[in-house]
DNA sequence: CTGGCGATGTATCGCATTGATACATCGAGG
DNA sequence: CCTCGATGTATCAATGCGATACATCGCCAG
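Chains as they are written, first to last, in the working numbering: chain Z, -8 to 179; chain R, -8 to 179.
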């Protein structure tokens, strides 16, 4: 998940951890927030796996006698890392239906095959529809037994799930027709 | 957060852990999912804090020689637990603006003072509006630089944030007018 | 020109949470 | 009778979070 997002961001250009975190939370963080506490351990694991390399500046001449000597580190993809990203892009893992995973995978849709896009969108729709049915059932089952606020909360939740289904339907229709999405409403 | 939710659910009636988890994910889990791995440790901490008691059936006659002997445990609130719930209901902690915290607190709005309801709704609105401005800025800043899919994702995110603001506006208006919410649209 | 302040940057620690799994009982139905 | 799904308690490794520490740099107000 985090690894997939990092691979995708570094695919464009090498980056420092700081920049990486900013983009994670602005571009991909619609559904998810990431902190340094998970970023740096993940970068270390990815380096150990050989996906990325750390481009540290020369640790040569160092007039500072202090023990804490830190330089800026530019992380970039290795050949294996690019390969790994392509593999992840192509596979339709169940994670791609979950809230977090879907957002990340969707953000890289422009680099994916049309068939993969369609399968992920349809899987996501099935996933969301299942949740919708669960909410609907809960709402009609517990109606009259719950107070207005709880009902309103459930109704709002059902509403937003409903909207996502419609959004997915539009995207799927575009995908089947072969036309790109989001040409319609230009600005709100 | 989890503790608050458990206190609220046990306030109605004693419950087993299994039932507790089901309700956490159906009634309160609109924004959040809970697993046993957090439920049981939390229940243990709450018992140690004196807020709940575990009503275990007699561990007396036990013909099974096996080491693993487990009985059903009914968790229920103590007097301190009820007191603790009232305290949490009345305080407007910053957590009440976050996604997870807001959903839980909102679910117990029927048991809260009108002034607390209003302050939480307004704090939530401010919080969501800030996120909306961030998304708007990101969208207009990166337009033209991103592909259609990423733009569509950001637009969808902005859209749902926008809808929540409108929802909160309605609720706040009802709150100020003294009328209960959700009387309007009866069914979708 | 200097002192502070905010952005950039790397890194770690304790704790909570997840997701998977194990184990156990019980009622319904083929 | 026997399996299957719901009910039920519980733990474990891996992962993530939130806070924090530390360091450099540019800018600009006093």
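Using N, Cα and C, we set each Cβ at its ideal position, and we do this for glycine too. If you're wondering where the values come from, they're calculated on a predicted model, not measured in any experiment.
Query raised in the report: Would the beta-carbon of residue 138/Z fall within 8 Å of that of residue 87/R?
Result: Within the first chain, numbered from 1, the residue matching residue 138/Z stands at position 147. Within the second chain, numbered from 1, the residue matching residue 87/R stands at position 96. No, Cβ-Cβ distance for residue 138/Z and residue 87/R is not below 8 Å.
message = I'd like to know if the segment 106 to 120 of chain R and the segment 111 to 123 of chain Z are in contact, where contact means that at least 3 CB-CB pairs between them fall below 8 Å.
response = no
**Q.** Neighbourhood of residue 23/R by C-beta, 6 Å cutoff - its chain only, sequence neighbours within 5 removed
**A.** Position 32 of the second chain, counted from the start, is the residue given in the question as residue 23/R. Within the same chain, residue 23/R has close Cβ partners 91.
Checklist entry - Under a three-way DSSP split, which group does residue 121/R fall into? => result Looking up residue 121/R in the second chain gives position 130. The answer is helix: DSSP assigns residue 121/R an H, G or I state.
Residue 155/Z versus residue 170/Z: straight-line alpha-carbon distance, rounded:
Working through the first chain from its first residue, we reach residue 155/Z at position 164. Working through the first chain from its first residue, we reach residue 170/Z at position 179. Spanning the two alpha carbons is a distance of roughly 20 Å.
Requested in this report: Give the C-beta separation of residue 63/Z and residue 7/Z to the nearest angstrom, bearing in mind that I take them to be a contact with Cβ-Cβ under 8 Å.
Outcome: Residue mapping note: residue 63/Z aligns to position 72 of the first chain, counting from 1. Residue mapping note: residue 7/Z aligns to position 16 of the first chain, counting from 1. Indeed, because the Cβ distance is near 6 Å, the residues count as touching under 8 Å.
### Query
Between the C-alpha atoms of residue 19/Z and residue 168/Z, what's the straight-line distance to the nearest angstrom?
As a working note, residue 19/Z is residue 28 in the first chain. As a working note, residue 168/Z is residue 177 in the first chain. Cα-Cα distance, rounded: 27 Å.
Return no unless some Cβ of chain Z is closer than 8 Å to the Cβ of residue 110/R.
The residue given as residue 110/R occupies position 119 in the second chain. Not one chain Z Cβ lies under 8 Å of residue 110/R.
Which value, in whole angstroms, describes the spacing of the CA atoms of residue 223/Z and residue 17/R? Residue numbering for chain Z in the displayed model covers -8 to 179; residue 223/Z lies beyond these limits and cannot be assessed.
query = So which residues of chain Z does residue 129/R contact, with C-beta pairs closer than 7 Å?
reply = Taking the first residue of the second chain as position 1, residue 129/R is located at position 138. Here the neighbours are 17.
Open item on the list: Between 172/R, 79/R, 34/R, which has its C-alpha nearest residue 5/R's C-alpha?
Closed with: Taking the second chain and counting its residues from 1, one reaches residue 5/R at position 14. Checked all of 172/R, 79/R, 34/R; the closest Cα to residue 5/R is 34/R.
*For the beta strand (DSSP E) holding residue 65/Z, just list the boundary residues, first then last.*
Position 74 of the first chain, counting from 1, holds the residue named residue 65/Z. Looking at the DSSP string, the run of the beta strand (DSSP E) that includes residue 65/Z is 65 to 68.
Note to self: Counting only C-beta atoms, is residue -5/R closer than 8 Å to chain Z at any point?
What the structure shows: Numbered from its first residue, the second chain carries residue -5/R at position 4. Judged by the 8 Å Cβ criterion, residue -5/R is not in contact with chain Z.
- Message: Looking at the secondary structure, which residues open and close the alpha helix (DSSP H) in which residue 155/R lies?
- Response: The residue labelled residue 155/R in the question sits at position 164 within the second chain. 139 to 168 is the extent of the alpha helix (DSSP H) around residue 155/R.
Identify the residues that DSSP records as bridge partners of residue 6/Z: which are they? Along the first chain, one-based indexing puts residue 6/Z at 15. DSSP output for residue 6/Z lists 66/Z as bridge partner(s).
field: Own chain partners of residue 29/Z with C-beta closer than 7 Å, once the 5 adjacent residues on each side are dropped
entry: On the first chain, residue 29/Z is found 38 positions in, with the first residue counted as 1. Excluding positions up to five away in sequence, the list reads -7.
**Message:** Is there a Cβ of chain R sitting closer than 8 Å to that of residue 139/Z, yes or no?
**Reply:** Counting from one through the first chain, the residue named residue 139/Z turns up at place 148. Chain R contact via Cβ: present.
Chain Z beta carbons: is any one of them nearer than 8 Å to that of residue 26/R? The residue given as residue 26/R occupies position 35 in the second chain. Answer no: the Cβ-Cβ gap between residue 26/R and chain Z never drops below 8 Å.
* Give the straight-line distance between the Cα atoms of residue 150/Z and residue 160/Z, rounded to the nearest whole angstrom. => Along the first chain, one-based indexing puts residue 150/Z at 159. Along the first chain, one-based indexing puts residue 160/Z at 169. Straight-line Cα distance between these residues: approximately 15 Å.
Review point. Along chain R, in chain order, which residues have C-beta atoms closer than 7 Å to that of residue 147/Z?
Key: Stepping through the first chain from its first residue, residue 147/Z is reached at position 156. Chain R residues near residue 147/Z: 158.
- Message: Taking 6 Å as the limit between beta carbons, can you name the residues of its chain near residue 145/R, skipping five residues before and five after?
- Response: For the purposes of this step, residue 145/R is taken as residue 154 along the second chain, with counting starting at 1. Excluding positions up to five away in sequence, the list reads 130.
How big is the Cα-Cα spacing for residue 93/Z and residue 15/Z?
Along the first chain, read from residue 1 onward, the residue named residue 93/Z stands at position 102. Along the first chain, read from residue 1 onward, the residue named residue 15/Z stands at position 24. If you take the alpha carbons of residue 93/Z and residue 15/Z, they lie about 14 Å apart.
I need the boundaries of the beta strand (DSSP E) containing residue 39/Z, first residue and last residue.
On the first chain, residue 39/Z is found 48 positions in, with the first residue counted as 1. Careful: residue 39/Z lies outside any beta strand (DSSP E), inside the alpha helix (DSSP H) at 27 to 40.
On the DSSP bridge assignment, give the partners of residue 45/R in chain order.
Looking up residue 45/R in the second chain gives position 54. Paired residues: 66/R.
### Task
Using a Cβ cut-off of 8 Å (strictly closer), state whether residue 4/R contacts chain Z.
Along the second chain, one-based indexing puts residue 4/R at 13. Cβ-Cβ to chain Z under 8 Å: no for residue 4/R.
In whole angstroms, give me the CA-to-CA distance for residue 97/Z and residue 141/R.
Position 106 of the first chain, counting from 1, holds the residue named residue 97/Z. Position 150 of the second chain, counting from 1, holds the residue named residue 141/R. One C-alpha to the other measures close to 7 Å.
Quiz item: Does the ligand ZN have even one heavy atom less than 7 Å from the beta-carbon of residue 104/Z?
Solution: This structure simply doesn't include the ligand ZN, nor any ligand for that matter.
Cross-chain neighbours of residue 38/R in chain Z, by beta carbon under 8 Å: Locating residue 38/R in the second chain gives position 47, where the first residue counts as 1. Ordered by position in chain Z, no residue passes the 8 Å Cβ test against residue 38/R, which lies about 27 Å from the chain.
| said: Residues of chain R with CB closer than 8 Å to the CB of residue 14/Z, please, in chain order. | reply: Residue 14/Z sits at position 23 when you count from the first residue of the first chain. Residues of chain R passing the Cβ test: none, with the nearest at roughly 10 Å.
Problem set entry | chain R contact for residue 94/Z (CB, 8 Å cutoff) | Working through the first chain from its first residue, we reach residue 94/Z at position 103. Interface residue, yes.
If you count every other CB in all the chains shown that lies within 10 Å of the CB of residue 166/R, and 16 or more means buried, which is it? Working through the second chain from its first residue, we reach residue 166/R at position 175. With 16 or more other Cβ atoms within 10 Å, it is buried.
Simplified DSSP state of residue 127/R, which is helix, strand or coil: Taking the second chain and counting its residues from 1, one reaches residue 127/R at position 136. Of the three classes helix, strand and coil, the one that applies to residue 127/R here is helix, per DSSP.
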